[in-house]
Amino acid sequence: MQIQRESMEFDVVIVGGGPAGLSAAIRLRQLAIADGRDDFSVCVIEKGSEFGAHTLSGAVMETRALDELIPDWQQKNAPLTVAATEDRVYMLTGATKSVKLPSSIIPSSMHNEGNYIVSLGNVVRWLAEQAESLEVMMFPGFAASDILYHEDGSVRGVVTGDMGLNAKGEPKPSFEAGYELVAKYTIFAEGCRGHLGKRLISRFHLDKDKDPQHYGIGLKELWEIDADKHETGVIMHGSGWPLSETGTTGGWFLYFAENNQVSFGLVVDLSYHNPHVSPFDELQRLKLHPVIRPILEGGKRLSYGARALTKGGLNSLPKLSFAGGVLIGDDAGFLNPAKIKGTHTAMKSGMLAAESIFNAIKAGRSGDEVHEYQTAFENSWLFDDAYQARNFSPAQHRMGAWLGGAFSFVEQNLLNGKMPLTINDTTPDFSTLDKASHAYKPDYPRADGKLTFDKLSSVFISNTNHAEDQPCHLRLTDPTVPIASNLPLYAEPAQRYCPAGVYEVVQKEGEEPQFVINSQNCVHCKTCDIKDPAQNITWVAPEGGGGPNYPNM
302 MQIQRESMEF DVVIVGGGPA GLSAAIRLRQ LAIADGRDDF SVCVIEKGSE FGAHTLSGAV
362 METRALDELI PDWQQKNAPL TVAATEDRVY MLTGATKSVK LPSSIIPSSM HNEGNYIVSL
422 GNVVRWLAEQ AESLEVMMFP GFAASDILYH EDGSVRGVVT GDMGLNAKGE PKPSFEAGYE
482 LVAKYTIFAE GCRGHLGKRL ISRFHLDKDK DPQHYGIGLK ELWEIDADKH ETGVIMHGSG
542 WPLSETGTTG GWFLYFAENN QVSFGLVVDL SYHNPHVSPF DELQRLKLHP VIRPILEGGK
602 RLSYGARALT KGGLNSLPKL SFAGGVLIGD DAGFLNPAKI KGTHTAMKSG MLAAESIFNA
662 IKAGRSGDEV HEYQTAFENS WLFDDAYQAR NFSPAQHRMG AWLGGAFSFV EQNLLNGKMP
722 LTINDTTPDF STLDKASHAY KPDYPRADGK LTFDKLSSVF ISNTNHAEDQ PCHLRLTDPT
782 VPIASNLPLY AEPAQRYCPA GVYEVVQKEG EEPQFVINSQ NCVHCKTCDI KDPAQNITWV
842 APEGGGGPNY PNM
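Quick note: the working numbering has the sequence shown finishing at residue 854, numbered continuously throughout.
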């Protein structure tokens with residue numbers, strides 16, 4: 302079907318309205334206004350129904366980049382109101398036992414003096430307001446579905462997804478064709494495992510000579526607890542049980558925010574080996590531990606969500622620029638795993654890209670490669686931040702929680718991130734699974750509906766929705782692989798690594814098992830795209846506006 306599309310031209314198009322994309326947009330317009338170029342046009346498209354709808358993070362925020370971007374953020378009522386007051390770090394040594402680690406042996410990167418406990422979704426909504434006040438053109442509810450190229454192979458812009466297609470890809474009466482958004486340069490800020498960023502990395506070989514990117518899945522619940530249990534500003538982190546039962550690495554967090562609310566969550570490294578691991582169920586049974594249960598018990602769960610995050614750090618960071626565009630934020634992989642923070646790094650990457658691209662356009666350039674962005678990164682505090690943390694994830698993956706933690710203490714506290722060696726982790730996360738027949742099977746308790754919950758009730762409070770009768774955005778390269786290969790080898794792990802009940806193996810009596818995709822449930826975490834051992838699942842953007850709608854997350 303040949304579709305006639307309208308085309309819109311801008312100086313810069315930014316794909317993704319998270320901290321990185323909005324910081325890039327704000328910085329571009331700041332520079333343009335200061336230079337008297339009021340007609341300098343910047344467009345941001347965001348697949349969520351509103352800015353912040355798909356934003357999910359713990360989150361503890363370091364303000365270094367925000368201080369540079371908007372120095373008077375406090376006067377502009379930025380939603381950073383809960384200052385960190387105390388760090389508590391625990392090693393859970395069993396289902397009922399724990400050790401609270403003294404502050405003196407906690408890696409310095411995990412100390413949070415001067416940081417803030419925030420709802421990152423609300424920070425993004427505020428950043429969107431700042432961008433709009435600078436006359437950035439804002440388009441929420443529009444997903445970029447494809448990349449446009451010039452004849453010479455350079456990036457020309459993007460196409461937004463068509464609206465109103467049925468499951469077969471045919472136009473419904475409500476059909477609206479997507480737009481071609483053309484720019485001198487395009488900034489890709491889609492977040493972790495961006496589906497266009499993934500294509501660009503492959504097309505331009507941006508990951509040549511780099512370690513494969515590594516990922517975690519982060520699951521979060523927002524709770525309202527009894528006032529007499531609440532300690533505003535306290536930050537709790539921990540590792541060990543229950544992940545230790547399956548030899549899995551990762552860690553949990555519990556942050557005491559405002560209004561008697563706490564953010565509780567778990568990050569599971571997607572390098573795990575046991576195919577029976579269910580990150581969602583690990584989160585639920587973690588709440589039964591005596592360190593956590595008394596805090597949440599009797600409270601009310603307000604929201605739930607999940608998303609993948611990049612953990613490879615500097616060793617896995619791809620080349621950042623290519624002809625006609627750049628990667629920023631988690632589309633590249635700027636999260637600092639040692640600090641467990643990515644907001645300040647995402648914002649700074651967006652600012653560096655904006656400054657490099659503005660100067661290129663000011664010099665009359667268009668569509669070429671802005672090498673200056675890579676140079677600016679390597680000369681900035683963002684590079685120093687990444688360099689000091691480069692060994693954190695590989696050490697955890699290769700040494701485990703105890704030895705990896707000891708290594709990180711020596712590197713971060715004694716050597717200030719300047720260990721005279723670099724540890725590499727060259728095994729992709731999708732290739733680490735053991736055979737199901739040889740793996741220990743965890744005993745996950747049934748949900749009680751008060752403290753522990755099932756996937757479907759959790760998805761319900763994430764406000765996830767997709768337009769009915771639209772093309773499935775979870776594509777199988779070979780539809781036979783889940784049953785013919787993944788099921789006998791790995792007990793089809795998609796049933797468990799998905800935190801939203803999207804994938805099921807259904808078998809009726811006397812019939813062959815069927816692999817069922819409930820794409821309506823998808824919270825856009827993209828874990829399936831990362832962890833599927835056959836690399837047979839590709840996540841693409843669904844119709845704009847679909848997915849979760851996270852309140853206060």
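Virtual Cβ for every residue (Gly too), placed ideally from N, Cα, C. Predicted model, so just to flag it, every value in this text is computed and none were measured.
> Is there contact here, the region 588-596 with the region 729-744, by at least three beta-carbon pairs under 8 angstroms?
Replying inline: Contact between the region 588-596 and the region 729-744 is absent, with fewer than three C-beta pairs closer than 8 angstroms.
> Going along the chain, which unbroken runs of the beta strand (DSSP E) with 3 or more residues stay wholly within the region 740-828?
Replying inline: The qualifying runs are 775-777, 804-807, 815-818.
>> Can you tell me whether GLY319 is buried or exposed? The criterion is at least 16 other CB atoms within 10 Å of its CB, across all chains shown.
In response: Counting from 1 along the sequence shown, the entry for residue 319 is found at position 18. So GLY319 ends up on the buried side.
>> Using CA atoms only, rank isn't needed, just tell me which of THR397, PRO380, GLY606 is closest to TYR300.
In response: In the structure displayed, the chain extends from 302 to 854; residue 300 sits before or after that span and is not available.
> DSSP on GLN542, reduced to helix/strand/coil?
Replying inline: On the sequence shown, residue 542 is found 241 positions in, with the first residue counted as 1. Correcting the residue identity first, residue 542 is Trp in this sequence and not Gln. It is coil, neither helix nor strand.
>> Rounded to the nearest angstrom, what separates ASP770 and LEU466 at their Cα positions?
In response: For the purposes of this step, residue 770 is taken as the residue at position 469 of the sequence shown. For the purposes of this step, residue 466 is taken as the residue at position 165 of the sequence shown. Straight-line Cα distance between these residues: approximately 8 angstroms.
> Nearest to LEU610 by CA position, among SER738, ILE371, PRO576, VAL568, is which residue?
Replying inline: Counted from its first residue, the sequence shown places residue 610 at position 309. Put simply, of SER738, ILE371, PRO576, VAL568 the residue whose alpha carbon is nearest the alpha carbon of LEU610 is VAL568.
> Between which two residues does the beta strand (DSSP E) carrying VAL563 extend?
Replying inline: Start at 1 with the first residue of the sequence shown, and residue 563 comes out as number 262. Start and end: 562-570.
> Start and end of the alpha helix (DSSP H) containing ASP686?
Replying inline: If you number the sequence shown from 1, residue 686 lands on position 385. 682-689 is the extent of the alpha helix (DSSP H) around ASP686.
> Could you give the distance in angstroms between the alpha-carbon of PRO576 and the alpha-carbon of LEU544?
Replying inline: For the purposes of this step, residue 576 is taken as the residue at position 275 of the sequence shown. For the purposes of this step, residue 544 is taken as the residue at position 243 of the sequence shown. If I take the Cα positions, the gap works out to 13 angstroms.
> Around the C-beta of GLU414, are 16 or more other C-beta atoms found within 10 angstroms, so that it is buried, or is it exposed?
Replying inline: Indexing the sequence shown from 1 puts residue 414 at position 113. It is exposed - the Cβ of GLU414 has fewer than 16 other Cβ atoms within 10 Å.
>> Buried or exposed for ASN787, going by 16 or more other Cβ atoms inside 10 Å?
In response: Position 486 of the sequence shown, counted from the start, is the residue given in the question as residue 787. The residue in question, ASN787, is buried, as its Cβ has 16 or more Cβ neighbours within 10 Å.
> For PHE554 versus HIS538, is the C-beta spacing smaller than 8 angstroms?
Replying inline: Position 253 of the sequence shown, counted from the start, is the residue given in the question as residue 554. Position 237 of the sequence shown, counted from the start, is the residue given in the question as residue 538. In this structure, HIS538 lies closer than 8 angstroms to PHE554 by Cβ.
>> Check whether the region 329-345 and the region 381-390 touch, using three or more Cβ-Cβ pairs below 8 angstroms as the test.
In response: These segments do not touch.
> What separation, rounded to the nearest whole angstrom, lies between the Cα atoms of GLU670 and LEU323?
Replying inline: Position 369 of the sequence shown, counted from the first residue, corresponds to residue 670. Position 22 of the sequence shown, counted from the first residue, corresponds to residue 323. In a straight line, the C-alpha of GLU670 is about 22 angstroms away from that of LEU323.
>> Counting C-beta neighbours from all protein chains within 10 Å, is the total for LYS485 16 or more, i.e. buried, or is it exposed?
In response: The residue labelled residue 485 in the question sits at position 184 within the sequence shown. Buried: at least 16 other Cβ atoms inside 10 Å.
> Below 8 angstroms between beta carbons: does that hold for LEU571 and ILE518?
Replying inline: Taking the sequence shown and counting its residues from 1, one reaches residue 571 at position 270. Taking the sequence shown and counting its residues from 1, one reaches residue 518 at position 217. Contact flag set, yes.
> Do you know offhand how far ASN850's Cα is from GLU656's?
Replying inline: Against the sequence shown, residue 850 aligns to sequence position 549. Against the sequence shown, residue 656 aligns to sequence position 355. Rounded to the nearest angstrom, the two C-alpha atoms are 32 angstroms apart.
>> Buried or exposed, going by whether 16 or more other CB atoms sit within 10 Å of the CB of VAL807?
In response: Position 506 of the sequence shown, counting from 1, holds the residue named residue 807. Taking a 10 Å sphere around the C-beta of VAL807, we find fewer than 16 other C-beta atoms and assign the residue as exposed.
>> Between which two residues does the alpha helix (DSSP H) holding LYS663 run?
In response: Position 362 of the sequence shown holds residue 663. Element bounds for LYS663: 644-663.
> Which residue from GLY848, LEU636, ALA445, LEU501 puts its Cα closest to that of ASP685?
Replying inline: Taking the first residue of the sequence shown as 1, we reach residue 685 at position 384. That would be LEU636, whose Cα lies nearest to the Cα of ASP685.
> Which term fits ILE304, buried or exposed, when burial requires 16 or more other beta carbons within 10 angstroms of its beta carbon?
Replying inline: Mapped onto the sequence shown, residue 304 falls at position 3. Flag for ILE304 reads exposed.
> How big is the Cα-Cα spacing for HIS531 and ASN561?
Replying inline: Within the sequence shown, residue 531 is the residue found at index 230, counting from 1. Within the sequence shown, residue 561 is the residue found at index 260, counting from 1. Going by the C-alpha atoms only, they are around 6 angstroms apart.
>> Do HIS515 and SER738 count as a contact pair if the criterion is CB distance below 8 angstroms?
In response: In the sequence shown, counting from the first residue as 1, residue 738 sits at position 437. In the sequence shown, counting from the first residue as 1, residue 515 sits at position 214. No, these two residues do not count as a Cβ contact at 8 angstroms.
>> With three or more C-beta pairs closer than 8 angstroms as the rule, is the region 777-793 touching the region 835-853?
In response: yes
> Which runs of the beta strand (DSSP E) fall wholly inside the region 606-631 and span at least 3 residues, in chain order?
Replying inline: For the region 606-631, whole beta strand (DSSP E) runs of length 3 or above, ordered along the chain, are 626-628.
> To which residues of the same chain is GLY846 closer than 6 angstroms at the C-beta, ignoring the five residues directly before and after it?
Replying inline: Taking the first residue of the sequence shown as position 1, residue 846 is located at position 545. These residues qualify, in order along the chain: SER350, GLY442.
>> Give me the residue from GLY668, ALA664, LEU615 with the minimum Cα distance to TYR624.
In response: Walking along the sequence shown from the start, residue 624 turns up at place 323. Per the sequence shown, residue 624 should be read as Ala rather than Tyr. Cα-wise, what sits closest to ALA624 is GLY668.
> Around the Cβ of ILE334, are there at least 16 other Cβ atoms within 10 angstroms (buried) or fewer (exposed)?
Replying inline: On the sequence shown, position 33 is the one that residue 334 refers to. Exposed: under 16 other Cβ atoms inside 10 Å.
>> Comparing C-alpha positions only, which one of ASP368, GLY614, SER759 sits nearest to LEU523?
In response: Translated into the one-based positions of the sequence shown, residue 523 becomes position 222. It is SER759.
> Are the beta-carbon atoms belonging to ILE346 and PHE476 less than 8 angstroms from one another?
Replying inline: The residue labelled residue 346 in the question sits at position 45 within the sequence shown. The residue labelled residue 476 in the question sits at position 175 within the sequence shown. Taking 8 angstroms as the Cβ cut-off, ILE346 and PHE476 do not qualify as a contacting pair.
> Exposed or buried, GLY606, counting other C-beta atoms within 10 Å across all chains shown (16 or more means buried)?
Replying inline: Against the sequence shown, residue 606 aligns to sequence position 305. Using a 10 angstroms sphere on the CB of GLY606, the tally of other CB atoms reaches 16 or more, which defines it as buried.
>> Going by the DSSP bridge assignment, what does TRP553 pair with across the sheet?
In response: Position 252 of the sequence shown, counted from the start, is the residue given in the question as residue 553. DSSP output for TRP553 lists GLY539, LEU567 as bridge partner(s).
>> Here's a check: name, in chain order, each residue in its chain whose Cβ is nearer than 8 angstroms to the Cβ of THR364, leaving out the five neighbours to either side.
In response: For the purposes of this step, residue 364 is taken as residue 63 along the sequence shown, with counting starting at 1. The answer, listed in chain order, is TRP374, LEU381, GLY415, ASN416, TYR417, HIS645.
> Under the rule that 16 or more other beta-carbon atoms within 10 Å means buried, what is GLN431, buried or exposed?
Replying inline: Your numbering for residue 431 matches position 130 in the sequence shown. Buried is the call here.
>> Buried or exposed, going by whether 16 or more other CB atoms sit within 10 Å of the CB of GLN376?
In response: Locating residue 376 in the sequence shown gives position 75, where the first residue counts as 1. The residue is exposed, with fewer than 16 neighbouring Cβ atoms inside 10 Å.
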